[in-house]
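These notes are about the structure you will find just below.
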């Protein structure tokens, strides 16, 4: 196990053996997240939508965890928030259905969300896809945290 | 016989399905069983998606009616029922009398759901495997059964 | 019924969606509740609301007939429809009621069996399972059935694995159940895919109409039927696809075992009824062949072999699990004979067996809670040390055997008469033989409990130590319910006959 007082990723000469990975990851992770949002909002016009975007967004967080360590990732995306996020996503989806019930239609009948029924359908789909995005992202990250926390992390000597 | 080769998608589905089932039954390693289950479920996804393809059909995304040009008499080159969506854009719908042939979008939606179900099952299976590894120190099925042999004889954990 | 006048209109109009959506949303909220007591209270309130809603919807259905609810405002066949008719209204009430009873029982049981930080997720998984079972039962769309089938199955795998705190074999039992259950669900979805290829629609009523127009359909429909029967057969523990059941029932936490025993296989059996008689029709030759050779054949074999295996078990929970497989054989026999009377008898046994098995599992769970015993020989003297619990076990056990004035007797008599009416005398003989086998394995427990003296532990005779009231109340409710159904059986038999007439009268 590496010395915890050692600065992360620095060997005895002060050089970082993973510098290539870290620099490229720092460049790529925001791009991956941006691509996830692109996929999310273009689900109306092309392949995409909540599931795919959620997995891509979770992949960016998992890449961060793989390169910089699980502890760093847990500082940036705390497990408590992830758990609340799972519930928030389900409530977004179910809540849209309940709001439609209250507004007078059947469960998940989006037509009443706006004065024009086609615009209402648009808003409804956006809302449920947002719910799906939040749920899928947080669930994927939670699965990664659950599996990743069970085994001791690979120390730098074993790379 | 040539009919069989025209329907190659079903042959691939059957091969994958049988491979997946065989891996599930024949493996004694828990992770390999889960891998076989994934192969089996993938064959089902292929089955659904390949039946949704209409020969000569476009991907099931509505084509915008941008005025594809007209021939010398002023008739539009692409005919079909036009639907105006929110925001004013117009799309050509499928249906009788339309020049645009779309593939069936419904199987895609069904498979999206089935993929997510498969992912959830796989993640729970893997979590169970991790727990079994922690409790039994092994993930081979015969060693697990041997470890439980005493339990099963006595009928209780004492 | 004057009770219906007090119910608000929106509940009657949107009842099915309410049944499906409320436990789903509340499951997500329950998972993050901080305190274990708060989690139990929210689960209790949700299941109570579900039970009241289920009763209301069933009463409403008895008054007005089949109701169809358009999900999202899209009319079928383009949209998903939720259907409440005479076939699924009793099953919905059964699932909601059993979830309420199990939650009351779970209050002391989870204290003993689940770690404190896992109790809120346990109740969340329980609500998800209820949501999946209810959704499976009310929906009218074939692929939606698959989705909710998997929702309930996946939460069941999790619930069974939670028994690992008490018995480590729960983990491999849950893994085995996962593999077999996923294969079964995937077979079911292959069948639905072939049906979609044949009919072009996913709505079950529409499929029935198109298949009737095609007069049974081509080979594609035959294959679809085969896959669907096998997939559902795995979920309802048809012999020989039952191997997951003993492990799942024996090593899971006791409230989970009781809940599963009374609802999971029953919902799958309801789906088999729905697909065999409503979507497909027994007048098609391939359906009649499958009914005769597969369902009846495997049902009868299951009845005898599973009862024999039950006799040889030393663990009480495994014995009751094999007994469940045998009882599923009864229901399959009833379905396979395919007359109105026999389907009604099979359906009646579906409802009765849920009540009986639920009561039995709750009783032995209470015995584990107090004394930590699961082997038959440890039951010595329980008649004196836990008289009330043993009394509930005795009543439910006698009902399982089929003693007159109990629910088991009503359903067995109906099944025997239906089999005799069709001239199937060998089936009558098989029913008699398996009842005697049930007498052997239940009677052995009763003998040990009542006619042997309590064991001597650490030099002292064990004194009376009754189960807590939160456990006694549910098990006695179920025991008295089976006696009630046995004596005043008209309501239940009427429900079963209406369900069978819906299936076979409609064609």
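Residue numbers (this note's numbering), protein chains in the order written: chain R, 1 to 159; chain X, 160 to 317; chain C, 318 to 824.
A virtual CB, placed ideally from N, CA and C, is assigned to each residue, including glycine.
message = Any beta carbon from chain X within less than 7 angstroms of residue 478 (chain C)'s own beta carbon?
response = Walking along the third chain from the start, residue 478 (chain C) turns up at place 161. So, interface residue.
task = Assign residue 438 (chain C) to buried or exposed, taking buried as 16 or more other Cβ atoms, counted over all protein chains shown, within 10 Å of its Cβ.
result = By 1-based counting over the third chain, the position of residue 438 (chain C) is 121. Counting Cβ neighbours within 10 Å, residue 438 (chain C) comes out buried, since at least 16 surround it.
key: Limits of the alpha helix (DSSP H) - the one that residue 287 (chain X) falls within   = On the second chain, residue 287 (chain X) is found 128 positions in, with the first residue counted as 1. Taken as a continuous stretch (DSSP letters only), the alpha helix (DSSP H) holding residue 287 (chain X) covers 265-295.
inquiry  = DSSP three-state label for residue 701 (chain C), please.
reply    = As a first step, residue 701 (chain C) is located in the third chain; it is residue number 384 there, counting from the start. Residue state, collapsed to three classes: helix.
key: Extent of the continuous alpha helix (DSSP H) to which residue 499 (chain C) belongs   = For the purposes of this step, residue 499 (chain C) is identified with residue 182 of the third chain, where counting begins at 1. Segment 486-516, the alpha helix (DSSP H) holding residue 499 (chain C).
ask   = Quick one, which residues of the segment 32-66 of chain R are near chain X if we go by CB-CB under 9 angstroms, in chain order?
value = Along the segment 32-66 of chain R, the positions whose C-beta sits under 9 angstroms from a C-beta of chain X are 45, 46, 47, 49, 51, 52 and 55, read in chain order.
query = What are the boundary residues of the alpha helix (DSSP H) that includes residue 203 (chain X)?
reply = Along the second chain, one-based indexing puts residue 203 (chain X) at 44. It spans 189-211 - the alpha helix (DSSP H) in which residue 203 (chain X) sits, taken as one unbroken run.
inquiry  = For residue 317 (chain X) and residue 484 (chain C), I'd like the C-alpha separation in whole angstroms.
reply    = Start at 1 with the first residue of the second chain, and residue 317 (chain X) comes out as number 158. Start at 1 with the first residue of the third chain, and residue 484 (chain C) comes out as number 167. In this prediction, residue 317 (chain X) has a pLDDT of 40, which is less than 50 and means its spatial position is unreliable; nothing more can be read from the coordinates.
request  = Look at residue 385 (chain C) and residue 398 (chain C) and say whether their C-beta atoms are less than 7 angstroms apart.
outcome  = The residue given as residue 385 (chain C) occupies position 68 in the third chain. The residue given as residue 398 (chain C) occupies position 81 in the third chain. Closer than 7 angstroms, so yes.
ask   = Closest Cβ-Cβ distance between residue 291 (chain X) and chain C: below 7 angstroms?
value = Your numbering for residue 291 (chain X) matches position 132 in the second chain. It does; some Cβ of chain C falls within 7 angstroms.
ask   = At least one CB of chain R closer than 7 angstroms to the CB of residue 346 (chain C): is that the case?
value = The count along the third chain starts at 1 and reaches residue 346 (chain C) at position 29. Yes, residue 346 (chain C) lies at the interface with chain R (some Cβ there is under 7 angstroms from its Cβ).
query = From residue 653 (chain C) to residue 644 (chain C), what does the alpha carbon distance come to, in whole angstroms?
reply = By 1-based counting over the third chain, the position of residue 653 (chain C) is 336. By 1-based counting over the third chain, the position of residue 644 (chain C) is 327. Looking at the two C-alpha atoms, the distance is approximately 14 angstroms.
message = Considering Cα atoms alone, identify which of C:474, C:641 and C:615 is closest to residue 626 (chain C).
response = Along the third chain, read from residue 1 onward, the residue named residue 626 (chain C) stands at position 309. When only C-alpha atoms are compared, the closest one is C:641.
inquiry  = Please state whether the Cβ-Cβ distance between residue 361 (chain C) and residue 420 (chain C) is less than 7 angstroms.
reply    = Start at 1 with the first residue of the third chain, and residue 361 (chain C) comes out as number 44. Start at 1 with the first residue of the third chain, and residue 420 (chain C) comes out as number 103. The answer is yes: Cβ separation under 7 angstroms.
request  = State yes or no: is the C-beta of residue 347 (chain C) within less than 7 angstroms of the C-beta of residue 440 (chain C)?
outcome  = For the purposes of this step, residue 347 (chain C) is taken as residue 30 along the third chain, with counting starting at 1. For the purposes of this step, residue 440 (chain C) is taken as residue 123 along the third chain, with counting starting at 1. Yes, the pair counts as a contact, with Cβ atoms nearer than the cut-off.
request  = Look at the alpha carbon of residue 210 (chain X) and the alpha carbon of residue 168 (chain X), and state the distance between them as a whole number of angstroms.
outcome  = Taking the first residue of the second chain as 1, we reach residue 210 (chain X) at position 51. Taking the first residue of the second chain as 1, we reach residue 168 (chain X) at position 9. Spanning the two alpha carbons is a distance of roughly 9 angstroms.
inquiry  = In the DSSP assignment, the alpha helix (DSSP H) including residue 384 (chain C) goes from what residue to what residue?
reply    = Start at 1 with the first residue of the third chain, and residue 384 (chain C) comes out as number 67. Looking at the DSSP string, residue 384 (chain C) is not in any alpha helix (DSSP H); the run it does join, the beta strand (DSSP E), is 384-387.
key: Beta-carbon proximity check, residue 113 (chain R) vs residue 131 (chain R), cutoff 7 angstroms   = Along the first chain, read from residue 1 onward, the residue named residue 113 (chain R) stands at position 113. Along the first chain, read from residue 1 onward, the residue named residue 131 (chain R) stands at position 131. No, Cβ-Cβ distance for residue 113 (chain R) and residue 131 (chain R) is not below 7 angstroms.
ask   = Between which two residues does the beta strand (DSSP E) harbouring residue 251 (chain X) extend?
value = By one-based count along the second chain, residue 251 (chain X) stands at place 92. Here the beta strand (DSSP E) through residue 251 (chain X) covers 249-251.
task = Determine, using beta carbons only, whether residue 179 (chain X) and residue 203 (chain X) come nearer to each other than 7 angstroms.
result = Position 20 of the second chain holds residue 179 (chain X). Position 44 of the second chain holds residue 203 (chain X). Not in contact: residue 179 (chain X) and residue 203 (chain X) (Cβ atoms no closer than 7 angstroms).
query = Smallest Cα separation from residue 105 (chain R): which of R:93, R:120, R:91 and R:92?
reply = Looking up residue 105 (chain R) in the first chain gives position 105. With distances taken between Cα atoms, residue 105 (chain R) lies closest to R:120.
ask   = Taking residue 656 (chain C) as the reference, which of C:674, C:598, C:569 and C:699 has the closest Cα?
value = In the third chain, residue 656 (chain C) corresponds to position 339, counting from 1. Just measuring C-alpha positions, the residue of C:674, C:598, C:569 and C:699 sitting nearest residue 656 (chain C) is C:598.
Chain-ordered neighbours of residue 272 (chain X) on chain C, where CB pairs are closer than 7 angstroms = Counting from one through the second chain, the residue named residue 272 (chain X) turns up at place 113. 464, listed in chain order.
Close beta carbons around residue 133 (chain R), own chain, < 6 angstroms, minus the five adjacent residues each side = Counting from one through the first chain, the residue named residue 133 (chain R) turns up at place 133. Correct list, in chain order: 40, 50, 53 and 54.
task = Alpha carbon to alpha carbon, how far is residue 65 (chain R) from residue 689 (chain C)? Give it in angstroms, no decimals.
result = The residue labelled residue 689 (chain C) in the question sits at position 372 within the third chain. The residue labelled residue 65 (chain R) in the question sits at position 65 within the first chain. Going from the Cα of residue 689 (chain C) to the Cα of residue 65 (chain R) covers about 44 angstroms.
query = Could you give the distance in angstroms between the alpha-carbon of residue 177 (chain X) and the alpha-carbon of residue 463 (chain C)?
reply = Start at 1 with the first residue of the second chain, and residue 177 (chain X) comes out as number 18. Start at 1 with the first residue of the third chain, and residue 463 (chain C) comes out as number 146. If I take the Cα positions, the gap works out to 21 angstroms.
query = Counting only beta-carbon atoms, is residue 130 (chain X) nearer than 7 angstroms to chain R?
reply = Absent from the structure is residue 130 (chain X), since the part of chain X shown begins at 160 and ends at 317.
message = Tell me whether the segment 696-716 of chain C and the segment 779-797 of chain C touch, counting them as touching only if at least three CB pairs, one residue from each stretch, are closer than 8 angstroms.
response = yes
request  = Measure from the alpha carbon of residue 423 (chain C) to the alpha carbon of each residue in C:531, C:743 and C:575, then state which is nearest.
outcome  = Here residue 423 (chain C) corresponds to residue number 106 of the third chain, with the count starting at 1. The shortest Cα separation from residue 423 (chain C) among C:531, C:743 and C:575 belongs to C:575.
ask   = Just how far apart, CA to CA, sit residue 550 (chain C) and residue 556 (chain C)?
value = Numbered from its first residue, the third chain carries residue 550 (chain C) at position 233. Numbered from its first residue, the third chain carries residue 556 (chain C) at position 239. Roughly 8 angstroms between the two C-alpha positions.
task = Round the Cβ separation of residue 371 (chain C) and residue 409 (chain C) to the nearest angstrom and send it over; I've been treating them as touching at under 8 angstroms.
result = Indexing the third chain from 1 puts residue 371 (chain C) at position 54. Indexing the third chain from 1 puts residue 409 (chain C) at position 92. Their Cβ separation, rounded to whole angstroms, is 5 angstroms, which keeps residue 371 (chain C) and residue 409 (chain C) in contact under 8 angstroms.
ask   = Which residue comes first and which comes last in the alpha helix (DSSP H) that contains residue 431 (chain C)?
value = Position 114 of the third chain, counted from the first residue, corresponds to residue 431 (chain C). Careful: residue 431 (chain C) lies outside any alpha helix (DSSP H) and carries neither H nor E.
inquiry  = Between residue 143 (chain R) and chain X, is any beta-carbon pair separated by less than 7 angstroms?
reply    = To locate residue 143 (chain R), count along the first chain from 1; it is residue 143. Interface residue, yes.
query = Does residue 106 (chain R) come within less than 7 angstroms of chain D when only Cβ atoms are used?
reply = The chain inventory of the structure shown lacks chain D, comprising the protein chains R, X and C.
ask   = If you draw a straight line from the alpha carbon of residue 315 (chain X) to that of residue 138 (chain R), how long is it in whole angstroms?
value = Here the question's residue 315 (chain X) lines up with position 156 in the second chain. Here the question's residue 138 (chain R) lines up with position 138 in the first chain. Any answer about residue 315 (chain X) is weak, because its pLDDT of 48 lies below 50 and its placement is not dependable; what the coordinates show is given next. So the alpha carbons of these two residues sit roughly 40 angstroms apart.
key: Nearest-angstrom beta carbon gap, residue 736 (chain C) and residue 744 (chain C) [assumed within contact, 8 angstroms]   = Taking the first residue of the third chain as position 1, residue 744 (chain C) is located at position 427. Taking the first residue of the third chain as position 1, residue 736 (chain C) is located at position 419. With 8 angstroms as the limit, residue 744 (chain C) and residue 736 (chain C) qualify as a contact, their Cβ atoms being about 4 angstroms apart.
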